[in-house]
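Protein chains in written order, with my numbering: chain Y, 944 to 1096; chain F, 944 to 1096. Inspection log for the structure reproduced underneath, given as structure tokens.
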DNA sequence: GCACTGAATGTTATAAAATATCAAGCAATC
DNA sequence: GATTGCTTGATATTTTATAACATTCAGTGC
């Protein structure tokens, strides 16, 4: 069942190519394993758990161990290709990998789809709120639960 | 080492009394176990994990099992006396238990202290952002990491 | 008082998520 | 081709959380 009308294969491919390019620029190593994990994260196109990645990664070969997946995910998060959704213990591909940032998300409680908001204004408001309360700002997690447009119709 | 200059015992006592009163109003049961768990959460006055609560609860008596703690925490969260900090898998006492709400937090990455922000304006901005992106708003998690005023001095 | 009911707690077992540690492989540099 | 450091493999364990069923307890009606 297609939730979004888009060419999903192309969408994955674009993400992989972008990651590849960024890693070349940064001289970090986009190894086959890391590439494969990023691909699996994008394949689901919804928050995916580390153990789901693990299962998919293990298909048709010897089962990989959790650290393999977690290390790959750590790298991808570090590079900004993947975000972690704290409230779901899950991971999603980043829609704007070129700029490192912490993601702000809306999570549909019906269909589980996640939308990343890259809104400068929202980020600024949050940062300002922190500073007004005496905190220096490092980063922030924002996860909004609600019902998406599709599911309301 | 005291981090805040306040009478911590009084602060715990206030929280317990408030909870008691609210439960009477709502006709929900503020049992000895639930009271004790809330007390332990407030005693630490920093995010506390379920298993820390479990250990403290077990002191000087037969060890309690995880469900005992999780159920009490579930109740306290449901009533709005405790918030869960997703990014830390931990729990903190709510500073405004009289009004049910989802908490917005600042977390000091040095001293681990947590400050709850009950700012209407921030809440409104977040809700508006969600709606502008086509989501109905249910609730939201905001956890800002930074360094608190104390730790910067 | 006593049986009934439903909520709360106890108990046992297990699932789910994540990490520590050490070993082996591999890729770049000298 | 030896060295170095990063990456991956492998084993074990820790941390976090829940499922399922049994027992206890408080309130209600009789």
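In this text, a Cβ means the ideal position worked out from N, Cα and C, and glycines have one as well. This one's a predicted model, so the numbers in the text were calculated from it and none came from an experiment.
Nearest neighbour of residue 1027 of chain F, chosen from F:969, F:976, F:984, F:971 [CA to CA]: One-based indexing of the second chain puts residue 1027 of chain F at position 84. In this structure, F:984 is the residue among F:969, F:976, F:984, F:971 with its C-alpha nearest to the C-alpha of residue 1027 of chain F.
Cβ contact check for the stretch 955–962 of chain Y and the stretch 990–1003 of chain Y: 3 or more pairs under 8 Å: Flag = no, the stretch 955–962 of chain Y and the stretch 990–1003 of chain Y do not touch.
Contact list for residue 1069 of chain Y against chain F, beta-carbon separation under 8 Å: Taking the first chain and counting its residues from 1, one reaches residue 1069 of chain Y at position 126. Within 8 Å Cβ-Cβ: 1065, 1085, 1087.
Stretch pair the stretch 1049–1057 of chain Y + the stretch 1054–1067 of chain F: three plus CB contacts closer than 8 Å: Verdict: no, contact absent.
DSSP beta-bridge partners of residue 1049 of chain F: Here residue 1049 of chain F corresponds to residue number 106 of the second chain, with the count starting at 1. Answer is F:1058, F:1087.
Cross-strand partners of residue 1034 of chain Y (DSSP beta bridge): By 1-based counting over the first chain, the position of residue 1034 of chain Y is 91. Bridge pairing for residue 1034 of chain Y: Y:991, Y:1027 [DSSP].
Coil, strand or helix - residue 1081 of chain Y by DSSP: Within the first chain, numbered from 1, the residue matching residue 1081 of chain Y stands at position 138. Note: residue 1081 of chain Y maps to strand in three-state DSSP.
Sufficient close CB pairs (3 or more, under 8 Å) joining the stretch 1012–1027 of chain Y to the stretch 1063–1079 of chain Y: In the pairwise beta carbon analysis, the stretch 1012–1027 of chain Y is classified as not touching the stretch 1063–1079 of chain Y: fewer than three pairs are separated by under 8 Å.
9 Å Cβ cutoff met for residue 1069 of chain Y and residue 1087 of chain F: Translated into the one-based positions of the first chain, residue 1069 of chain Y becomes position 126. Translated into the one-based positions of the second chain, residue 1087 of chain F becomes position 144. Yes, they are a contact pair.
Beta-carbon contacts of residue 987 of chain F that lie in its chain and below 8 Å, excluding the five residues immediately before and after: Start at 1 with the first residue of the second chain, and residue 987 of chain F comes out as number 44. Closer than 8 Å at Cβ, skipping near neighbours: 995.
Where the stretch 1023–1041 of chain F meets chain Y: residues whose CB sits under 8 Å from a CB there: Answer set for the stretch 1023–1041 of chain F: 1029, 1030.
Alpha helix (DSSP H) segment containing residue 969 of chain Y, residue limits: Position 26 of the first chain, counted from the start, is the residue given in the question as residue 969 of chain Y. Going by DSSP, residue 969 of chain Y is part of the alpha helix (DSSP H) stretching over 951–969.
Proximal residues of chain Y, C-beta to C-beta of residue 1073 of chain F below 7 Å: Taking the first residue of the second chain as 1, we reach residue 1073 of chain F at position 130. By Cβ distance, chain Y contributes 1049, 1087, 1089.
Unbroken alpha helix (DSSP H) run spanning residue 1066 of chain F, endpoints: As a working note, residue 1066 of chain F is residue 123 in the second chain. Residue 1066 of chain F -> alpha helix (DSSP H) spans 1063–1075.
First and last residue of the uninterrupted alpha helix (DSSP H) at residue 1017 of chain Y: In the first chain, counting from the first residue as 1, residue 1017 of chain Y sits at position 74. Element bounds for residue 1017 of chain Y: 1009–1022.
Listed by chain order, chain Y residues near residue 1077 of chain F by CB distance under 7 Å: Looking up residue 1077 of chain F in the second chain gives position 134. Against chain Y, the beta carbon of residue 1077 of chain F has neighbours under 7 Å at 1091, 1092, listed in chain order.
Below-9 Å beta-carbon distance, residue 888 of chain F vs any chain Y residue: Chain F is shown only over 944 to 1096; residue 888 of chain F falls outside these bounds and no answer can be derived.
Proximity of residue 1073 of chain F and residue 1079 of chain F at Cβ, strictly below 9 Å: Translated into the one-based positions of the second chain, residue 1073 of chain F becomes position 130. Translated into the one-based positions of the second chain, residue 1079 of chain F becomes position 136. Cβ atoms of residue 1073 of chain F and residue 1079 of chain F: closer than 9 Å.
Where residue 975 of chain Y falls: helix, strand or coil (DSSP): For the purposes of this step, residue 975 of chain Y is identified with residue 32 of the first chain, where counting begins at 1. Here residue 975 of chain Y sits in helix by DSSP.
9 Å Cβ cutoff, residue 1081 of chain F in contact with chain Y: For the purposes of this step, residue 1081 of chain F is taken as residue 138 along the second chain, with counting starting at 1. For residue 1081 of chain F, the nearest beta carbon of chain Y is closer than 9 Å to its own beta carbon.
Reference residue 1076 of chain Y, options F:1084, F:1082, F:1007, F:1093, closest by Cα: What you label residue 1076 of chain Y is simply residue 133 of the first chain in a count that begins at 1. Closest option to residue 1076 of chain Y, judged by alpha-carbon separation, among F:1084, F:1082, F:1007, F:1093: F:1093.
Of the listed residues Y:1082, Y:1036, Y:961, Y:972, nearest to residue 989 of chain Y (C-alpha basis): Counted from its first residue, the first chain places residue 989 of chain Y at position 46. Out of Y:1082, Y:1036, Y:961, Y:972, the CA that lies nearest to the CA of residue 989 of chain Y is found in Y:1036.
Rounded straight-line distance, which links the Cα of residue 951 of chain Y to that of residue 945 of chain Y: Looking up residue 945 of chain Y in the first chain gives position 2. Looking up residue 951 of chain Y in the first chain gives position 8. In this prediction, residue 945 of chain Y scores a pLDDT of 48, lower than 50, which makes its location untrustworthy; no coordinate-derived value is stated.
Three-state secondary structure (DSSP) of residue 1092 of chain Y: Here residue 1092 of chain Y corresponds to residue number 149 of the first chain, with the count starting at 1. Helix at residue 1092 of chain Y.
Cβ-Cβ distance between residue 1033 of chain Y and residue 992 of chain Y below 9 Å: To locate residue 1033 of chain Y, count along the first chain from 1; it is residue 90. To locate residue 992 of chain Y, count along the first chain from 1; it is residue 49. Contact: yes.
Interface residues of chain F facing residue 1058 of chain Y [CB-CB closer than 9 Å]: In the first chain, counting from the first residue as 1, residue 1058 of chain Y sits at position 115. Those within 9 Å of residue 1058 of chain Y in chain F are 1076, 1077, 1078.
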